[in-house]
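Residue numbers (the numbering used here), protein chains in the order written: chain A, 409 to 763; chain B, 409 to 763. Ideal Cβ placement from N, Cα and C applies to all residues, glycine included. All values reported here derive from a predicted model rather than from experimental measurement. Remarks on the structure that follows.
Protein chains: 2
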Amino acid sequence: MRNDLLLKACRREPVPRTPVWFMRQAGRYLPEYRAVRDTVDFLTLCKTPDLAAQVTIQPVDIVGVDAAIIFSDILVVPEAMGMQLVVEEEKGSPTFSSPLRQAPEIGALRIPDPHKELAYVLNAIKAAKEGLWNRVPLIGFSGAPWTLAAYMVEGRGSRDFRHVKQLVYEEPGLAHALLEKLAQSVTMYCRAQVDAGADVIQVFDTWGGLLPKNAFHEFSLRYIQQIVGELKKTGVPVIVFCKDSGHSLTEIAETGADVVGLDWTVDIGEARRMIGDRAALQGNLDPAMLFARPEVIQRGVADILSRFGPGTGHVFNLGHGVLPDTPVEHAKAFVQAVKDLSAKYHQRSFCPEVV
Amino acid sequence: MRNDLLLKACRREPVPRTPVWFMRQAGRYLPEYRAVRDTVDFLTLCKTPDLAAQVTIQPVDIVGVDAAIIFSDILVVPEAMGMQLVVEEEKGSPTFSSPLRQAPEIGALRIPDPHKELAYVLNAIKAAKEGLWNRVPLIGFSGAPWTLAAYMVEGRGSRDFRHVKQLVYEEPGLAHALLEKLAQSVTMYCRAQVDAGADVIQVFDTWGGLLPKNAFHEFSLRYIQQIVGELKKTGVPVIVFCKDSGHSLTEIAETGADVVGLDWTVDIGEARRMIGDRAALQGNLDPAMLFARPEVIQRGVADILSRFGPGTGHVFNLGHGVLPDTPVEHAKAFVQAVKDLSAKYHQRSFCPEVV
Chain A
409 MRNDLLLKAC
419 RREPVPRTPV
429 WFMRQAGRYL
439 PEYRAVRDTV
449 DFLTLCKTPD
459 LAAQVTIQPV
469 DIVGVDAAII
479 FSDILVVPEA
489 MGMQLVVEEE
499 KGSPTFSSPL
509 RQAPEIGALR
519 IPDPHKELAY
529 VLNAIKAAKE
539 GLWNRVPLIG
549 FSGAPWTLAA
559 YMVEGRGSRD
569 FRHVKQLVYE
579 EPGLAHALLE
589 KLAQSVTMYC
599 RAQVDAGADV
609 IQVFDTWGGL
619 LPKNAFHEFS
629 LRYIQQIVGE
639 LKKTGVPVIV
649 FCKDSGHSLT
659 EIAETGADVV
669 GLDWTVDIGE
679 ARRMIGDRAA
689 LQGNLDPAML
699 FARPEVIQRG
709 VADILSRFGP
719 GTGHVFNLGH
729 GVLPDTPVEH
739 AKAFVQAVKD
749 LSAKYHQRSF
759 CPEVV
Chain B
409 MRNDLLLKAC
419 RREPVPRTPV
429 WFMRQAGRYL
439 PEYRAVRDTV
449 DFLTLCKTPD
459 LAAQVTIQPV
469 DIVGVDAAII
479 FSDILVVPEA
489 MGMQLVVEEE
499 KGSPTFSSPL
509 RQAPEIGALR
519 IPDPHKELAY
529 VLNAIKAAKE
539 GLWNRVPLIG
549 FSGAPWTLAA
559 YMVEGRGSRD
569 FRHVKQLVYE
579 EPGLAHALLE
589 KLAQSVTMYC
599 RAQVDAGADV
609 IQVFDTWGGL
619 LPKNAFHEFS
629 LRYIQQIVGE
639 LKKTGVPVIV
649 FCKDSGHSLT
659 EIAETGADVV
669 GLDWTVDIGE
679 ARRMIGDRAA
689 LQGNLDPAML
699 FARPEVIQRG
709 VADILSRFGP
719 GTGHVFNLGH
729 GVLPDTPVEH
739 AKAFVQAVKD
749 LSAKYHQRSF
759 CPEVV
């Protein structure tokens, strides 16, 4: 691997500067992505390995990030389990036409063989690895069981997630049956991504933070821990990103994750003091800051670097996905700022007092 | 005051049981409220003191809560400052037709005289106090400056709050000028509510948690502290509720608030250990739990009571506003559960090990 900064930072090995990539870096803010999307719908893009690989690689060439992340959607797993995914083109994100509500529907879900039902993702990973020529690592990913369950039960994103919460509160046993199936499916899916060439795996839990803390531990983190435990056997670093879960950073690190992802509300310096050497940290610039002038973005990057402080174990990222209207020049300024400003934090002679 | 449980719990004085009320308790889940709303639009209801007082009192009679909260909307303050509020009946909540974006617009905002531009709220408070006959305390309220600024700059609720964040990140001086005007307006407005008869004031910061922690302190909490400092002079208890701000509970208590409101994601037992005797706590059942069966609601209430533990200093509430489709019988079951299950935590002989 010519640029292995991400792999080293995930393992808290010394690096000459902090690596940077960002969530949804292959996406609508890039004109080159939109040009591809004008020719095919979202799901067709996910399911056409050559096209998915093409948009996966775009931000490496255009924005200069230190890693690629395979272009896909977390909802391909529930689809492979037997649910029907619908794309309403004007609304953007896919939804489920028949949300899960009853025990028989949950019982009917199958645990997919990723080499069959999700072969297109594995083929996209192989194609992306070829196209990348080992320039930078390729990240594979999956939604966490709780986040997938939330979409499957609600049918779509929701304000209050009342249906999936009703399942959890009224029928915890049934909720656990669903989550167990999801954990098995996600584990097999991620292992297959590693076998296909993924160098790192990120597990996304977008909605765990919408549960009370103890329910987050019982219905989300428990299954993430199970998945991380299995994935560790593959030897690739695992990043766990739980949004709105600043109350449980220590517990997230205790899943065994190599890297704990932070949303932008968390103080990364405090997080480092809490987590210590149990895990590296990823994050955490406010994605909305990329609407500000480049000088402001640079100050934001400098602030996070100084909060994290000297030494390795930091993967720079946004605190959530890049917003669709973000100017490309601002995304480039963000990446360049990390490259320019981070090197001094990795010098042996670094002394924070005199910076 | 015949039922002064709320006032005593806010001051951490002994009570025979935990008082309970809930945010948006005068609202759409009540058929009696909907019957009034069928005759007038939302803003007319806010601005007609007799009707506002009538719906304010409804949940005291129907659901049995230990406090009333004046029926109003946080956006009446920006309107009184000179912005035009529009109600799109199908969308529910009011919006601003011309969001604030430029310095001259911010400069043109006036600091309203609550006895003039907001007299209808003060008259509603007087009418509600009369109608309540000192059965339970009446809570007055205001949005926090940051939350009001977010609505004023975005024009409405938002997913990413990019415009108000751009203001904060690119033009912090201008943001502070706006927030300072809002803090003065909110202070005068809350003082006038106390003069009109409000027994407690709650400051709501719905959107502070969408900022990075340090920006939350600089752009939200600083102004809440200023308001609390002024309101303490009136002698009425002040409740500060900041949603999604579990990272800053200690700092919220340090504003001088008598009561710190907790959303449902926080463990109220941990919060009590962190805050100690600096403030009472309010909260924090997940509003979505009111869709579950009454036995489940009772278990949820019991869990929170046991996490808080024995002694005073707890005002039971939901972790955010009651959801519009909540069954009234479930809201009643929630209130009754607090009344039935909390008394033992206030007995002198209480011993948590044997409960």
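Neighbour flag for residue i against chain A, beta carbons, 9 Å
{"i": "Gln-706/B", "result": "no"}
{"i": "Ala-700/B", "result": "yes"}
{"i": "Gln-744/B", "result": "no"}
{"i": "Tyr-577/B", "result": "yes"}
{"i": "Val-608/B", "result": "no"}
{"i": "Val-736/B", "result": "no"}
{"i": "Asp-694/B", "result": "yes"}
{"i": "Val-709/B", "result": "no"}
{"i": "Lys-524/B", "result": "no"}
{"i": "Leu-415/B", "result": "no"}
{"i": "Leu-731/B", "result": "yes"}
Other residues of its chain near residue i: CB distance less than 6 Å, five sequence neighbours each side excluded
{"i": "Leu-451/A", "result": "Val-495"}
{"i": "Ala-360/B", "result": "Shown here, chain B extends from 409 to 763; a query on residue 360/B therefore has no answer."}
{"i": "Pro-652/B", "result": "Here residue 652/B turns out to be Asp, not Pro, going by the sequence shown. Excluding sequence neighbours, Asp-652/B sits near Gly-617."}
Same chain only: Cβ atoms within 7 Å of residue i, ignoring 5 sequence neighbours per side
{"i": "Arg-445/B", "result": "Leu-453"}
{"i": "Ala-536/A", "result": "Ala-461, Thr-464, Ile-465, Ala-476, Ile-478, Leu-546"}
{"i": "Val-423/B", "result": "Leu-413, Lys-416, Ala-417, Thr-720, His-754"}
{"i": "Val-762/A", "result": "Low confidence applies here, because Val-762/A scores a pLDDT of 47, under 50, leaving its location unreliable and the question unanswered by this model."}
Below-9 Å beta-carbon distance, residue i vs any chain B residue
{"i": "Glu-496/A", "result": "no"}
{"i": "Met-697/A", "result": "yes"}
{"i": "His-655/A", "result": "yes"}
{"i": "Phe-624/A", "result": "yes"}
{"i": "Gly-727/A", "result": "yes"}
{"i": "Gly-617/A", "result": "yes"}
{"i": "Pro-620/A", "result": "yes"}
Cβ shell of residue i (< 8 Å), same chain only, five flanking positions each side left out
{"i": "Leu-657/B", "result": "Val-668, Leu-670, Val-674, Ala-679, Met-682, Ile-683"}
{"i": "Ala-700/A", "result": "Gly-708, His-738"}
{"i": "Ile-519/B", "result": "Met-489, Lys-589, Gln-592, Ser-593, Met-596"}
DSSP three-state assignment for residue i, whether helix, strand or coil
{"i": "Thr-503/B", "result": "strand"}
{"i": "Asp-603/A", "result": "helix"}
{"i": "Leu-493/A", "result": "strand"}
{"i": "Gly-551/A", "result": "strand"}
{"i": "Gln-510/B", "result": "coil"}
{"i": "Arg-683/B", "result": "With the sequence shown as reference, residue 683/B is identified as Ile, and Arg is not the correct amino acid for it. Reduced to three states, the DSSP call for Ile-683/B is helix."}
{"i": "Ile-519/A", "result": "coil"}
{"i": "Gln-744/A", "result": "helix"}
{"i": "Phe-612/A", "result": "strand"}
{"i": "Val-763/B", "result": "Since pLDDT at Val-763/B reaches only 43, below the 50 mark, its modelled position is unreliable, and no value is offered."}
{"i": "Ala-557/B", "result": "helix"}
{"i": "Leu-546/B", "result": "strand"}
{"i": "Arg-475/B", "result": "Reading off the sequence, residue 475/B comes out as Ala, not Arg. Correct three-state label for Ala-475/B: coil."}
{"i": "Val-769/B", "result": "With chain B covering 409 to 763 only, the question about residue 769/B has no answer from this structure."}
{"i": "Lys-524/A", "result": "coil"}
{"i": "Val-644/A", "result": "coil"}
{"i": "Leu-459/A", "result": "helix"}
{"i": "Ala-700/B", "result": "coil"}
{"i": "Gly-565/B", "result": "coil"}
{"i": "Gly-677/A", "result": "helix"}
{"i": "Ser-593/B", "result": "helix"}
Length of the line joining the Cα atoms of residue i and residue j
{"i": "Arg-630/B", "j": "His-738/A", "result": "30 Å"}
{"i": "Gly-360/B", "j": "Val-648/B", "result": "Nothing about residue 360/B can be reported from this structure: the residues present for chain B run from 409 to 763 only."}
{"i": "Leu-540/A", "j": "Gly-654/B", "result": "42 Å"}
{"i": "Gly-617/B", "j": "Cys-650/B", "result": "7 Å"}
{"i": "Gly-677/B", "j": "His-722/B", "result": "11 Å"}
{"i": "Trp-429/B", "j": "Ala-696/B", "result": "16 Å"}
{"i": "Val-473/A", "j": "Cys-418/A", "result": "15 Å"}
{"i": "Leu-355/A", "j": "Val-646/A", "result": "As displayed, chain A neither begins before 409 nor continues past 763, which places residue 355/A out of reach and without an answer."}
{"i": "Val-743/B", "j": "Gln-690/B", "result": "14 Å"}
{"i": "Ile-705/A", "j": "Phe-716/A", "result": "17 Å"}
{"i": "Tyr-597/B", "j": "Ile-482/B", "result": "11 Å"}
{"i": "Lys-534/B", "j": "Gln-510/B", "result": "38 Å"}
Counterpart residues of residue i in DSSP-defined beta bridges
{"i": "Gly-669/B", "result": "Phe-649/B, Gln-690/B"}
{"i": "Asn-725/A", "result": "Asn-692/A"}
{"i": "Ile-635/B", "result": "Partner(s): none; Ile-635/B has no beta bridge."}
{"i": "Ala-583/A", "result": "Bridge partners of Ala-583/A: none, in fact."}
**Report entry** Residues in the segment 556-575 of chain A having any Cβ partner in chain E nearer than 7 Å
**Finding:** Checking the listed chains, one finds no chain E in this structure; the protein chains it contains are A and B.
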